[in-house]
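J.: Per this note's numbering, the very first residue in the sequence shown carries number 62; after that it's consecutive. Note that the Cβ used here is the ideal one computed from N, Cα and C, for glycine as well. The model shown is predicted, which means the values in this text are computed figures rather than measured ones.
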Amino acid sequence: MKKKVIKVAAITLALISVAQVAYAMTVNGAYISKTATEIRGVFGRYANPTVYVDQRACGEPGVPDAHACGPYTISVGTAFLQHAESTYGNYAAKAIIGHEWGHSIQFTYNINPGQPYMELQADCAGGSFIRYAVDTLRYPSFLATAVSTARAYAGGDHGTPAQRDYYTRWGYSNGVVKCMNNLPRV
Ligand SMILES: [Zn+2]
62 MKKKVIKVAA
72 ITLALISVAQ
82 VAYAMTVNGA
92 YISKTATEIR
102 GVFGRYANPT
112 VYVDQRACGE
122 PGVPDAHACG
132 PYTISVGTAF
142 LQHAESTYGN
152 YAAKAIIGHE
162 WGHSIQFTYN
172 INPGQPYMEL
182 QADCAGGSFI
192 RYAVDTLRYP
202 SFLATAVSTA
212 RAYAGGDHGT
222 PAQRDYYTRW
232 GYSNGVVKCM
242 NNLPRV
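Here it is, written out as structure tokens:
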């Protein structure tokens with residue numbers, strides 16, 4: 062009888078570990094709020110936007126994806142962020158919010174390098190947040206996830222997939238101050 066109980070426990074554990082691999086993290090208000098606090102820990106000295114969730118705070122016409130409008134407002138949609146998280150991997154949504162925070166820094170300091178560098182500079186900021194998340198907050202690296210996400214949403218003002226890849230990694234290596242002051246042109 063005791064042996065049977067142990068076997069059931071082992072099966073349950075196996076199912077839990079499969080579930081952890083198979084399903085992405087849930088992106089909800091709590092996840093987004095926690096992420097904003099984390100980003101504020103490293104970017105808060107440069108910009109302090111409020112992150113609005115599912116409110117079309119930037120006047121988006123449809124379901125919100127992720128926008129920064131002005132220095133104080135970031136507007137995101139949980140469905141969009143959950144899709145990124147489920148498709149590209151855990152913490153993809155954190156990388157996206159880090160990118161938007163990069164725009165808040167640009168708006169705060171009136172930095173506008175023109176497109177596509179406005180977007181690539183935000184990618185750079187996003188990459189630098191990932192470095193902080195890994196080194197200081199002890200997250201497993203989600204740099205590859207962020208790069209996959211950025212590449213997937215490339216084109217137009219956002220630059221090419223290769224550019225988004227390059228600037229996300231450059232920001233990871235060089236930090237947000239260099240992103241804002243010494244952005245290379247590639
Ligand atoms: Zn952007």
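1) Short check: CB of S189 to CB of Y152, under 8 Å?
2) Say the cut is 7 Å; is the CB of H164 nearer than that to a heavy atom of ligand 1?
3) Scan the segment 195-238 and note each continuous alpha helix (DSSP H) run of 4 residues or more that stays entirely inside, going in chain order.
4) Check whether the Cβ of A183 lies closer than 7 Å to any heavy atom of ligand 1, and answer yes or no.
5) Just grab the DSSP bridge partners of S94 for me.
6) Would K95 be called buried (16 or more neighbouring beta carbons within 10 Å of its own) or exposed?
7) For E121, verify whether its CB is less than 7 Å away from any heavy atom of ligand 3.
8) Roughly how many angstroms separate the alpha carbons of I158 and G187, rounded to a whole number?
9) Out of curiosity, what's the CA-to-CA distance linking C130 and N243?
10) Please indicate yes or no: does the CB of E180 lie closer than 7 Å to some heavy atom of ligand 1?
11) Can you tell me the Cα-Cα spacing of Q116 and P245, whole angstroms?
12) Suppose you measure from the CA of V150 to the CA of D226; what does that come to, to the nearest Å?
13) Ignore the nearest five residues each way along the sequence and tell me which others in L142's own chain have a CB closer than 6 Å to its CB.
14) Ligand 1 heavy atoms versus the CB of H160: any closer than 7 Å?
15) Can you give me the C-alpha to C-alpha distance between P177 and R106, rounded to a whole angstrom?
T.: Checking against the coordinates, here is how it stands:
1) Reading the sequence shown from its first residue, position 128 is the one you call residue 189. Reading the sequence shown from its first residue, position 91 is the one you call residue 152. Result no, Cβ atoms of S189 and Y152 do not sit closer than 8 Å.
2) Locating residue 164 in the sequence shown gives position 103, counting from the first residue. With a threshold of 7 Å, the Cβ atom of H164 counts as near ligand 1, since some heavy atom of the ligand is closer than that.
3) Counting only runs of 4 or more, we get 204-213, 222-235.
4) If you number the sequence shown from 1, residue 183 lands on position 122. Within 7 Å of the C-beta of A183 there is at least one heavy atom belonging to ligand 1.
5) By 1-based counting over the sequence shown, the position of residue 94 is 33. Answer is none; S94 lacks a bridge partner.
6) What you label residue 95 is simply residue 34 of the sequence shown in a count that begins at 1. Classification for K95: exposed.
7) As presented, the structure is devoid of ligand 3, carrying ligand 1 as its sole ligands.
8) In the sequence shown, the residue the question calls residue 158 occupies position 97. In the sequence shown, the residue the question calls residue 187 occupies position 126. Pairing I158 with G187, the inter-Cα distance amounts to about 8 Å.
9) Along the sequence shown, one-based indexing puts residue 130 at 69. Along the sequence shown, one-based indexing puts residue 243 at 182. If you take the alpha carbons of C130 and N243, they lie about 24 Å apart.
10) Along the sequence shown, one-based indexing puts residue 180 at 119. Yes, since a heavy atom of ligand 1 falls inside the 7 Å radius drawn around the Cβ of E180.
11) To locate residue 116, count along the sequence shown from 1; it is residue 55. To locate residue 245, count along the sequence shown from 1; it is residue 184. Counting only the Cα atoms, P245 lies some 35 Å from Q116.
12) Counting from one through the sequence shown, the residue named residue 150 turns up at place 89. Counting from one through the sequence shown, the residue named residue 226 turns up at place 165. Here the sequence assigns Gly to residue 150, which means Val is not the residue at that position. One C-alpha to the other measures close to 16 Å.
13) Within the sequence shown, residue 142 is the residue found at index 81, counting from 1. A distance below 6 Å between beta-carbons, with the five flanking residues on each side excluded, links L142 to the following residues of its chain, in chain order: V88, A154.
14) The sequence position of residue 160 within the sequence shown is 99, counting from 1. Set against 7 Å, the gap from the CB of H160 to the closest heavy atom of ligand 1 is smaller.
15) In the sequence shown, residue 177 corresponds to position 116, counting from 1. In the sequence shown, residue 106 corresponds to position 45, counting from 1. Using only the alpha carbons, I get a separation of about 25 Å.
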